[in-house]
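Residue numbers (full-length UniProt numbering), protein chains in the order written: chain R, 1 to 427; chain Y, 1 to 284; chain C, 1 to 253.
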């Protein structure tokens, strides 16, 4: 067993700081044995008494084997095991067991959302008002959210926030449960123009949360603003190894489609292939794919330009005045994210309460302000400060919107996208 | 009684290993021959497509990069670790246990936390860049994060103790008299090392290399945190296939290739040990 | 020469400890993005303490590590005794499986266990996590115990049997005490490995049972957050404390 020898070495050193290597867990007793001549055949009654309860084979019984008058040097392991170890471990065990028993009694709701997409302040206020604890887990792309929900068979999470084009897919695959609008008194606040879209007619399964755009973010201290006005500018050699791209298949392909003049929702394999070929040329310029913390990356100086969401752009502008968000000339990407309840959500009732809470005008306003994306909540828009309402990063002009393109479901072609996306990232 | 004990003990271990090691791997093997399904997990169409797809130069390159990176990590760890273990074994006996403990302590801190520590060092406005700017070597922060070297540094940092420990135990056991004998016979420093010390500590070198190389193939989170979400390692590739792209059969095929590599590596290891032992016998 | 050697040792130790030291230092920094030293603060520790989910994740991690290590010790020790004591068909296969489990990269094991659990429709959560952790701890225990048993005089068992002990008594009163140090070493090893695991947990746990590595992973991915510094420092301090107290407790003779 060749591994065993290595394991022994490794384990000995590994555990040496704990004094285990030398077998010091057992107290080793060496003594000269002069007086006791005992053993299996104890000829003397007093010795037989000594042996009571100590079977002769038992280690550590202090029972010398038969001795014919010689002095035996005994090495026995007395007391068996050194119990000091258990004194370290036992409290840990008991503590954690107790805690698990206590745990799990309160009301809680598990939320699966984009990172930095729900504001801690909002969640804290919800907990304060209702006593329901919100556990917020984040994902980085619609695909990983979808994959995780598939793994969990629609259970585990109570609320998720997919983008529009995934709602259609999830709805058709029976992964969502209908939302009871009678439980949502604030549903009426939503702007009717944002409702009843083709991906979910009648909004039986989804409630709009925020919408926004994907454009180009640039740190003007590093690059001049006029050098980057279109998606095609990203391919310029000056950005070699400098760009940040979202770790999101659809968005990255969308950029290439717009440069090539195709629709961002194309399902034509030939067009997808040519987009892939174009993106391959962009790769030397890409420093990293990340959609988790674009704002942090810009503020900490890791990225100087890239494709980002307007929410992140708004947050960066608050820290770095030299940062600009550009609507590329080819047309911006528009998306909307909606709240859905997975099929086997353990706390669907509580999820409804959270949705309604998020629809409250003051809360929707707060979300929009903090996240930096636009709210579909008509009442909330009225409450917004003129500053934010007129901030073109958050609320783009009608002109920009007219040129922009909504992301929609692409059906089975997603497999082709995935394949090329995987290849792109493996490159 | 004896028989009951025997049967139950053997059954317990066999059952556990069968259910949690053998069956899962057979399932993965089976899945690797099936097709991808859009809404489920697999689709019952048998074929070798997944393996053929792996032969696409792009994916071969992922494997190549991953193996290269793992190899670089192993060699760097060996280069840094061997002298370290050697000097440590020569250190004052009274201080050695303390120093050894210091090598082991990082094991008790989560490796993610340590990866994060490296990340904060390498950041654009991190310590390394600030120090370099302060001593005037550079004017602008250098891009250290999200590069291949950042991943390499992270891997070495996490895996170095795995190399040092077996090396140390091999070097500590080394009978100094052999080296002295070689010196008496007139061998120079280099020759003593090459012909006496190194062969005698070779098992430690091999053990350390295995302990570094195998994990280095799969530690996707280091490549993720320090390398910026490109598919740098087989580990990232597997994670992507199973948890993002949902192409389980393709991921399963890649996983099987990794297992194949493991077997190759282990048999090479066993072979080298056997040869080593045979050589020993001949010499004795 | 000696000076050179000491310098080299110090350099490597610096490499191992400098990043952690910087983290600890910056966990007391009031600057939000932790780039420049501003002033001393305990704010991040305070906000960490109020994060209930994090505290629970820490408890869950410890719970799984403890239970998995203990379970692996039970199964692994019995298995090791079986392999050591008896000759049976498939013994070599069993040993081969163990060493493959020991050496296989985490990611391969994670993937195969995920496939198993999904195929059996087991809900991902505490149970799957515990079983998975036990599985990858198992070979460490078995190998450690086996290597210790093989180092002992087999006559000890024969002697016990000659003296009238039955199989069970021989196991409980001779083999087990002999193997105890190795069992505890295996427990410790398993505990550490389970605490440190990211890859397997990433695949097999569900949202109802969150563990610390996954929490940290998402925090780390989200970039520089001072709370992560504070958390990392705390974990480092705890591990340092445990190791040094173990040193003091156990090596004092």
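Glycine included, every Cβ here is placed at the ideal spot set by N, Cα and C. Fair warning: this is a prediction, and the values are worked out from it, not measured in the lab.
Tell me where the alpha helix (DSSP H) around residue i begins and ends.
i, result
"residue 120 of chain Y", "111 to 122"
"residue 51 of chain Y", "49 to 54"
"residue 147 of chain C", "126 to 150"
"residue 362 of chain R", "361 to 371"
"residue 217 of chain Y", "198 to 218"
"residue 64 of chain C", "52 to 85"
"residue 162 of chain C", "155 to 162"
Under the three-state reduction of DSSP, which class applies to residue i: helix, strand or coil?
i, result
"residue 50 of chain R", "With a pLDDT of only 42 at residue 50 of chain R, under 50, the local geometry of the prediction cannot be trusted, and the value read off the model is given with reservation. The answer is helix: DSSP assigns residue 50 of chain R an H, G or I state."
"residue 45 of chain R", "Caution applies to residue 45 of chain R, whose pLDDT of 48 falls short of 50 and renders its modelled position unreliable; the value that the coordinates give is listed next. It is helical."
"residue 72 of chain R", "Annotation note: pLDDT 41 at residue 72 of chain R (below 50); position unreliable, no value reported."
"residue 138 of chain R", "strand"
"residue 32 of chain R", "Low confidence applies to residue 32 of chain R: its pLDDT is 45, below 50, so where it sits in the model is not reliable enough to give any reading."
"residue 405 of chain R", "strand"
"residue 287 of chain Y", "The structure shown does not extend to residue 287 of chain Y, since chain Y spans only 1 to 284, so no value can be given for it."
"residue 336 of chain R", "strand"
"residue 324 of chain R", "strand"
"residue 25 of chain R", "Because the pLDDT at residue 25 of chain R is just 42, under 50, the model does not fix this residue reliably, and the point stays unresolved."
"residue 61 of chain R", "In this prediction, residue 61 of chain R scores a pLDDT of 44, lower than 50, which makes its location untrustworthy; no coordinate-derived value is stated."
"residue 94 of chain R", "helix"
"residue 135 of chain Y", "coil"
"residue 154 of chain Y", "helix"
"residue 104 of chain C", "coil"
"residue 34 of chain Y", "coil"
"residue 46 of chain C", "helix"
"residue 163 of chain R", "strand"
"residue 251 of chain Y", "helix"
Could you say which of the options lies nearest to residue i if we only look at CA atoms?
i, options, result
"residue 300 of chain C", "C:152, C:124, C:159 and C:225", "This structure does not reach residue 300 of chain C, given that chain C is present from 1 up to 253, and the question cannot be answered."
"residue 200 of chain Y", "Y:276, Y:62 and Y:25", "Y:276"
"residue 290 of chain R", "R:245, R:174 and R:392", "R:245"
"residue 169 of chain Y", "Y:40, Y:250 and Y:97", "Y:97"
"residue 198 of chain R", "R:125, R:188 and R:171", "R:171"
"residue 311 of chain R", "R:398, R:299 and R:368", "R:368"
"residue 158 of chain C", "C:85, C:134, C:140 and C:144", "C:85"
"residue 22 of chain C", "C:4, C:228 and C:165", "C:228"
"residue 186 of chain C", "C:210, C:198, C:148 and C:26", "C:148"
"residue 68 of chain C", "C:155, C:127 and C:231", "C:127"
"residue 39 of chain C", "C:25, C:193 and C:236", "C:25"
"residue 138 of chain Y", "Y:148, Y:146 and Y:125", "Y:125"
"residue 384 of chain R", "R:302, R:363 and R:399", "R:363"
"residue 177 of chain R", "R:185, R:186 and R:167", "R:167"
"residue 304 of chain R", "R:352, R:343, R:239 and R:278", "R:239"
"residue 333 of chain R", "R:155, R:411 and R:403", "R:403"
"residue 93 of chain C", "Y:14, Y:224 and Y:141", "Y:14"
"residue 214 of chain Y", "Y:33, Y:73 and Y:18", "Y:73"
Which residue marks the beginning of the beta strand (DSSP E) containing residue i, and which one marks its end?
i, result
"residue 287 of chain R", "286 to 289"
"residue 110 of chain R", "108 to 114"
"residue 217 of chain R", "207 to 219"
"residue 119 of chain R", "Note, residue 119 of chain R: premise wrong, no beta strand (DSSP E); not H, not E."
"residue 426 of chain R", "Run containing residue 426 of chain R: none in the beta strand (DSSP E); it sits in the alpha helix (DSSP H), 414 to 426."
"residue 305 of chain R", "305 to 309"
"residue 245 of chain R", "243 to 245"
Should residue i be counted as a contact of the ligand GTP given a C-beta to heavy atom distance under 7 Å?
i, result
"residue 26 of chain C", "The ligand GTP is not part of this structure, which contains no ligands at all."
> In chain order, which alpha helix (DSSP H) runs of at least 4 residues are fully inside the segment 166 to 217 of chain C?
Replying inline: 167 to 170, 176 to 196 and 199 to 204
>> Closer than 7 Å between beta carbons: that is the criterion. Which residues of the segment 127 to 161 of chain C meet it against chain R?
In response: 143, 144, 146, 147, 159 and 160
> Which runs of the alpha helix (DSSP H) spanning at least 4 residues fall entirely within the segment 4 to 41 of chain C, listed in chain order?
Replying inline: none
> Using a beta-carbon distance cut-off of less than 8 Å, what residues from the segment 244 to 258 of chain Y approach chain R?
Replying inline: 244, 245, 246 and 247
> For the segment 43 to 73 of chain Y, which residues have a beta carbon sitting closer than 8 Å to at least one beta carbon of chain R?
Replying inline: 56, 58, 59, 61 and 62
> Between the segment 277 to 291 of chain R and chain Y, which residues of the former have a C-beta closer than 7 Å to a C-beta of the latter?
Replying inline: 287, 288, 289 and 290
> Got a sec: which bits of the segment 108 to 132 of chain R sit with their beta carbon under 8 Å from any beta carbon on chain C, in order along the chain?
Replying inline: 110, 112, 115 and 116
> If contact means a Cβ-Cβ distance below 8 Å, which residues of the segment 241 to 266 of chain R contact chain Y?
Replying inline: 241 and 247
> At a Cβ cut of 9 Å, what residues of the segment 210 to 230 of chain Y count as close to chain R, listed as they run along the chain?
Replying inline: 210, 211, 227, 228, 229 and 230
> Given a limit of 7 Å on CB to CB distance, which residues of the segment 100 to 127 of chain C reach chain Y?
Replying inline: 101, 103, 104, 105, 106, 107, 108, 111, 112, 113, 114, 115, 116, 118 and 119
> Which residues, taken in chain order from the segment 290 to 317 of chain R, show a beta carbon closer than 7 Å to some beta carbon of chain Y?
Replying inline: 290, 300, 301 and 302
>> Just to confirm the assignment: which complete alpha helix (DSSP H) runs, minimum length 4, are found wholly within the segment 371 to 397 of chain R?
In response: 378 to 383 and 386 to 389
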